Amino acid sequence: MMRENISVCMASYNGSSYIKEQIESILSQLIPGDELIIVDDTSTDNTLDIINMFKSEYIKVFRNKKNKGHVKTFENVLSLAKNDYICLADQDDIWIKGRLNRLLETIKEKEVLLVASNFQVNNESVNNTEFLRLESGNSNRNLGNILRIFKGRSAYYGCTMMLNKKLLKYVLPFPTYIEAHDLWIAISANILSSIYHLDDNTLIYRVHDNNSSLKKRNIRQKLKARYYFCKNILLILKRII
1 MMRENISVCM ASYNGSSYIK EQIESILSQL IPGDELIIVD DTSTDNTLDI INMFKSEYIK
61 VFRNKKNKGH VKTFENVLSL AKNDYICLAD QDDIWIKGRL NRLLETIKEK EVLLVASNFQ
121 VNNESVNNTE FLRLESGNSN RNLGNILRIF KGRSAYYGCT MMLNKKLLKY VLPFPTYIEA
181 HDLWIAISAN ILSSIYHLDD NTLIYRVHDN NSSLKKRNIR QKLKARYYFC KNILLILKRI
241 I
């Protein structure tokens, strides 16, 4: 029996060092009717050349006319998805075999709008325990999950997520002031009480100097993030009501 089709959404920018391996790991899990949509944010290296080397019917490539940043680029790529289930992908990770099927089985079984998993870290100098992990037992503790995001103790990463397309009516367009689209999506799903934490590792998370999610913020940036967090809560409540 064929599974439902999935749209994989990726934003690329100067990812020539790693994107080939990531695309290969994704393509190996796609079936007819699936799609891998890549929006490139005006890369200045040979990222696009590498992408175009793949002669695959699954890949659909778009390029921003000007640099928009990763949040706006992910908004663009999500708006292009045609299938009912959407998987987010970073350009520098490696998907573990069976990832798509595992996420799809979970989101359908739990009847939620968003499922987020854990990951394995590929850098031997970094201990997996240095990264917070999601726990299935906390899936329904929505207020606690939101408070952890507020405290900066969140284990939500966009690269681990699969969402039901129905969630897009609440999360798109992204607020212009947000720094992280994945936290915005996680906040929205928690407010809707429609999220599940998958204990499994479904990808290999590559640690390197350009990881935007690993960059430290100063006190001013943290305070600014808390302020916008409160604005996010009010905005998503308005969209729901």
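For the sequence shown, position 237 matches number 237 in full-length UniProt numbering, and the numbering has no gaps at all. We put the CB at the ideal spot given by N, CA and C, even for glycine. Since the structure is predicted, the reported quantities are computational estimates derived from the model, not experimental observations.
Asked, Found
"Three-state secondary structure (DSSP) of residue 181", "helix"
"N-terminal and C-terminal residue of the beta strand (DSSP E) that residue 200 is part of", "195–205"
"Which of helix, strand or coil DSSP assigns to residue 214", "With a pLDDT of 49 at residue 214, under the threshold of 50, the predicted position of this residue should be treated as unreliable, and no value is reported."
"Sufficient close CB pairs (3 or more, under 8 Å) joining the segment 137–147 to the segment 85–95", "no"
"Continuous beta strand (DSSP E) stretch holding residue 112: start and end", "Taken as a continuous stretch (DSSP letters only), residue 112 belongs to no beta strand (DSSP E), as it is neither H nor E."
"Which residues DSSP lists as bridging residue 120, in chain order", "204"
"Contact the segment 48–59 vs the segment 105–124: 3+ CB pairs below 8 Å", "no"
"Residues near residue 20 in its chain [Cβ-Cβ closer than 7 Å; skip 5 each side]", "50"
"contact_flag[the segment 33–43, the segment 64–81] where n(CB pairs < 8 Å) is 3 or more", "yes"
"Expected contact under 8 Å - CB spacing of residue 244 and residue 104 to nearest Å", "Since the first and last residues shown for the chain are 1 and 241, residue 244 lies out of range."
"Close-in-space but distant-in-sequence residues of the same chain around residue 80 (CB under 6 Å, 5 per side omitted)", "37"
"Segments of 3+ residues assigned as beta strand (DSSP E) that fall wholly inside the segment 120–173", "161–164"
"Close beta carbons around residue 174, own chain, < 8 Å, minus the five adjacent residues each side", "71, 72, 74, 75, 181 and 184"
"Collapsed DSSP secondary structure at residue 229 in the structure displayed", "helix"
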